[in-house]
Amino acid sequence: DAGVIQSPRHEVTEMGQEVTLRCKPISGHNSLFWYRQTMMRGLELLIYFNNNVPIDDSGMPEDRFSAKMPNASFSTLKIQPSEPRDSAVYFCASSLGASGLYEQYFGPGTRLTVT
Amino acid sequence: QKEVEQNSGPLSVPEGAIASLNCTYSDRGSQSFFWYRQYSGKSPELIMSIYSNGDKEDGRFTAQLNKASQYVSLLIRDSQPSDSATYLCAVNRTGRRALTFGSGTRLQVQP
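Top to bottom, those sequences are chains E and V. Per this note's numbering, the first sequence runs over residues 1 to 115. Per this note's numbering, the second sequence runs over residues 116 to 226.
1) Thinking residue 89/E and residue 6/E are a contact (beta carbons under 8 Å), I'd like their distance in whole angstroms, please.
2) Name the DSSP bridge partner or partners of residue 112/E?
3) For residue 132/V, which residues of its own chain have a beta-carbon under 6 Å away from its beta-carbon, when the five flanking residues on both sides are left out?
4) Cβ closer than 9 Å: which chain E residues qualify as neighbours of residue 143/V?
5) Does the separation of the CB atoms of residue 77/E and residue 67/E fall below 8 Å?
6) Give the DSSP-derived three-state secondary structure of residue 155/V in the structure shown.
7) One question on the structure: do residue 113/E and residue 87/E come within less than 8 Å of each other, judged by their Cβ atoms?
8) Would you kindly work out how many angstroms separate the C-alpha atoms of residue 80/E and residue 14/E, rounded to a whole number?
9) Give every residue of the same chain whose Cβ lies closer than 8 Å to the Cβ of residue 196/V, excluding the five residues on either side of it in the sequence, and list them in chain order.
10) Check whether chain E comes within 8 Å of residue 213/V, counting only Cβ atoms and requiring the distance to be less than that.
11) Does the contact criterion of 3 or more C-beta pairs under 8 Å hold for the region 133-142 of chain V versus the region 195-211 of chain V?
12) Taking C-beta pairs closer than 7 Å, name the residues in chain V that residue 48/E reaches, listed in chain order.
13) By how many angstroms is the C-alpha of residue 75/E removed from the C-alpha of residue 69/E?
14) Does DSSP classify residue 198/V as helix, strand or coil?
15) Just verifying my parser: in three-state terms, what is the DSSP assignment at residue 61/E?
16) Excluding the 5 residues preceding and the 5 following residue 64/E in the sequence, name in chain order all residues of the same chain whose CB lies nearer than 7 Å to its CB.
17) According to the neighbour-count rule (16 or more other Cβ atoms, all chains shown, within 10 Å of its Cβ), is residue 117/V buried or exposed?
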C-alpha cells in the first residue's frame, strides 16, 4: 500500500508569495494531521482533521495559514503571504483513528524555504 | 514543565551495546505512547507503540511503560550503527487524537 504522499518535496519561494502544500493520506485513514518541524521548536502540530472536519487548529500560527480537506483523499495547507520565518519542513500524517489506536504515519515532508 | 520531556543527547553507545532512551510526560491521563525514529533529513518512522503498563518487545526493541511514574522508555539491544538517529517520544493526551512529541534524543552508535 502507498504511504502518505506529499507534494512538492521541496519548495523555494520569495517572501510575500502564496505557498500551497498538498497531502494524500493513507487510504482508509480518517484522521489527518499537519505538522511543522524546525530545529528551534521541534515537531509542532498545526491542525488536524477527523473525517474531513477540522478538529483542532490551535497550532496554526496566524491567519496567514489555512488548511482544507475537501475529501477523504486530499488536504492542502496554504500560506499566504509567506515569510522567511515560515521556512521549515512540513509533514502530513494520517491515522486510522479507531478508538484507542492513534498510530500516526508520516509522509516524506515538504521542505519550504522562503527567501 | 514540558508536556513530553526527553534528554536531547547525544547518547553515544558502542556497537552491540544496549541503548536506553527515556521519556517523561506530564498528563497523568495519557493513554497511548509511541516511539518514532527519525533519520537526518527524513520523516519520523513509527517503531513502537505501547498502551498498558509493562514491557512490549519487538525484535531488538523493547518499550517500557510505567504510568504511575509517568515515564516511557525504549531499549535497543545489540545496537547497530544503522540505529544512529533521533528518537522521538510521542504521547496521546487525554481527549485528543493528536500526539504531543518530545524534542527527541539523538543516538549515536559507535562502530
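Yeah, the Cβ is synthetic: ideal placement off N, Cα and C, and Gly gets one too. What you are looking at is a predicted structure, and each value in this text was computed from that prediction instead of being measured.
Taking the structure as given:
1) 10 Å between Cβ atoms; not a contact.
2) In DSSP, residue 112/E forms a bridge with 11/E, 88/E.
3) Closer than 6 Å at Cβ, skipping near neighbours: 194.
4) What residue 143/V touches in chain E: nothing, since even the nearest Cβ is about 17 Å away.
5) The answer is yes: Cβ separation under 8 Å.
6) Residue state, collapsed to three classes: coil.
7) Cβ distance < 8 Å, so residue 113/E and residue 87/E count as in contact.
8) Spanning the alpha carbons of residue 80/E and residue 14/E requires a straight line of approximately 11 Å.
9) Result list for residue 196/V: 130, 224, 225, 226, in chain order.
10) Yes, contact with chain E.
11) Touching, yes.
12) Those within 7 Å of residue 48/E in chain V are 212, 213.
13) Each residue's CA atom was taken as its position, placing residue 69/E and residue 75/E some 4 Å apart.
14) Three-state DSSP puts residue 198/V in a helix.
15) Three-state result, residue 61/E: coil.
16) Cβ neighbours of residue 64/E beyond the five flanking positions: 79, 80, 81.
17) It counts as exposed.
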